[in-house]
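Quick note: the sequence shown uses the numbering used here, first residue 2, plus one each step. Here a beta-carbon is modelled for each residue, glycine too, at the ideal position from N, C-alpha and C. A quick write-up on the structure given underneath.
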Amino acid sequence: MKILAVETSCDDTCISVLDIEDEKSVFLSDIVSSQIEIHKEWGGIHPTLAAREHQKNLVPVLKKALKKAGLLEKGSSPVEPIEKNFKRKSVLLDNLKKFLENHSEPKIDLLAVTAGPGLDPSLWSGITMAKALALCWDLEVVPVNHIKAHFFAPLYMQDGEFPAISLIVSGGHTQLVLSSDLKSHRVIGRTRDDAAGECFDKTARLLGFSYPGGPEIEKFAKKETKKEVDLPRPMLKEDNYDFSFSGLKTAVLYRWRDMEGGRDLKIAMAKEIQAAIVEVLTEKTFKAVKEKSAKTVILGGGVSANSALRKRFKQRAKKEKVNLIMPDKDLCTDNAKMIAVTAFYEYKNNGSIDPKSLKARPNLKIS
2 MKILAVETSC
12 DDTCISVLDI
22 EDEKSVFLSD
32 IVSSQIEIHK
42 EWGGIHPTLA
52 AREHQKNLVP
62 VLKKALKKAG
72 LLEKGSSPVE
82 PIEKNFKRKS
92 VLLDNLKKFL
102 ENHSEPKIDL
112 LAVTAGPGLD
122 PSLWSGITMA
132 KALALCWDLE
142 VVPVNHIKAH
152 FFAPLYMQDG
162 EFPAISLIVS
172 GGHTQLVLSS
182 DLKSHRVIGR
192 TRDDAAGECF
202 DKTARLLGFS
212 YPGGPEIEKF
222 AKKETKKEVD
232 LPRPMLKEDN
242 YDFSFSGLKT
252 AVLYRWRDME
262 GGRDLKIAMA
272 KEIQAAIVEV
282 LTEKTFKAVK
292 EKSAKTVILG
302 GGVSANSALR
312 KRFKQRAKKE
322 KVNLIMPDKD
332 LCTDNAKMIA
342 VTAFYEYKNN
352 GSIDPKSLKA
362 RPNLKIS
C-alpha cells in the first residue's frame, strides 16, 4: 500500500509517500518546505501568512514528493470535481488544476492529511488539497491528529511496550499522554498556560534573540560564564502532571530588566532558562512513568530536538530502567512521515471517511 500524506498544521508544508506492505515499510519520499525565514521578522508564526505560503508551496512540494517517489507521470487527470465541489477560487486550487491537467493519476492507494490540532488557516490549506486530490483521483482519505501522530508513529514503528508515557512538547503544546495499548490514549497532564516551546520563544525575545528562540537559547547556553542566575521551576513540586511556564517567563522579564551584566548575563539567563524548562519537563514525565508503572517513554514534538532535554531523558530512562523512544532530530518537528504511519493504522482499524466531509479541527483532542 502506498500512502500520500500531507501535513500543514503550522508553518511547515510537508508531504511524504510511504510504501508499506506486510508490516514492512519504506519512505519513498519526504519533502518539507520551511517558513522559518519568512516568520522571523514577526518574531513568531503569523497564521494568515503561514496559510498564504502553504497555498503557494503545496503543489510544488507535491510534485517533488511524487517525483522522488518515482510516481510522477505526464498525462492528465480529471479536474471537474474541483469545479463542482469548490466554489471559492484560490491560488492553491488554480495551481492544483494546472498540475492535474498535466499529470496522470499516480499509483497511490490512500491519502492521509492532518485534520488538527493546529492553526485553522494552515490546516484548511492541507485539507483543501487532500480533498481535491481524493475527489479527482478517486482515493480514500484518512484524517489524522498530528499530536497523536507525534507519539503514535514511533510507538507503533518501534514496538513500544505498554503502559507508555509520552511527552509531546512544542511551541503550541505540552502534554503528557498515557497509552494502555495502541488503541487507548489519555491525556494526564498539560500546560495550564504557555507551552514549553512558547516559553523558549518568548524569553528568547526578551533577551534579544531571533525567532525561533529555542535553538538560540540552546546555542547560548553552551557558552561559558561565571555569572549565575536563579529562576523558578513552576509546579515542579505539585502533586499532578500539569505544567505552567508563564511564571518562568515573568521571572525572566524582571531579572533581565533589573540585573546588569551584558553578554555574561545573557549567557547565564540562557543557561538557566533551558535548565528550568528541562528539569520541569523531565521530572514531571518521570513522575508519571513511576506512578503509572510505564515500560516505555516517548519524547516528541519540536522542543524534543533540544540536546539538553534529550540527554536528561536518556539519563533518567537508564536510571528508571524504561525503554526510551526518541525520533531523530529532523523528525521531532511536524512532518508528514508520522501522519502516513498513523493513517495506516487508523485505516486498518477504522477505515476511511468521505472526502467531502473533511474539515479542519484546530482544537482536536486526543482520543
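Alpha-carbon to alpha-carbon, P82 and A369: With the chain represented from 2 up to 368, any question about residue 369 goes unanswered, as that position is not in the structure.
Contact between the segment 70–80 and the segment 95–111 (3+ Cβ pairs under 8 Å): Yes, the segment 70–80 touches the segment 95–111.
Delimiting residues of the beta strand (DSSP E) encompassing R191: For R191, the uninterrupted beta strand (DSSP E) segment begins and ends at S185 to R191.
Pairwise C-alpha distance: K357 and L111: In this structure, the straight-line span from the alpha carbon of L111 to that of K357 is close to 15 Å.
Alpha-carbon spacing of P107 relative to H55, whole angstroms: Cα to Cα, the separation comes out at about 22 Å.
C-alpha gap between P328 and S181, whole angstroms: Looking at the two C-alpha atoms, the distance is approximately 21 Å.
Three or more C-beta pairs below 8 Å linking the segment 245–263 and the segment 299–313: The segment 245–263 is not in contact with the segment 299–313.
Cβ contact (3+ pairs, closer than 8 Å) linking the segment 123–132 and the segment 24–32: As far as the Cβ criterion goes, the segment 123–132 does not touch the segment 24–32, which means the pair count is below three.
Expected contact under 8 Å - CB spacing of I340 and H151 to nearest Å: Incorrect: roughly 10 Å between the Cβ atoms, too far for contact.
Cα-Cα separation between P48 and H174, rounded to whole angstroms: Cα-Cα distance, rounded: 16 Å.
L237 to T204 span [Cα, whole Å]: Going by the C-alpha atoms only, they are around 19 Å apart.
R53 versus K65 - alpha carbon distance: Looking at the two C-alpha atoms, the distance is approximately 19 Å.
CB contact flag (Y348, V188, <8 Å): Their beta carbons are not under 8 Å apart, which means Y348 does not touch V188 by this criterion.
Contacting residues, own chain, Cβ-Cβ under 7 Å from I39 (five flanking each side not counted): The residues L50 and E54, in chain order, have a CB closer than 7 Å to that of I39 in the same chain once the five nearest residues on each side in sequence are set aside.
Contact under 8 Å by Cβ, I32 with V62: In terms of Cβ geometry, I32 and V62 form a close pair [threshold 8 Å].
Neighbourhood of K315 by C-beta, 7 Å cutoff - its chain only, sequence neighbours within 5 removed: Taking K315 as the centre and dropping the five residues before and after it, the same chain places the C-beta of L325 closer than 7 Å to its C-beta, in chain order.
Helix, strand or coil at V114 according to DSSP, with G and I counted as helix: DSSP places V114 in strand when its eight states are reduced to three.
Where L5 sits in the DSSP three-state scheme: The DSSP-derived three-state label of L5 is strand.
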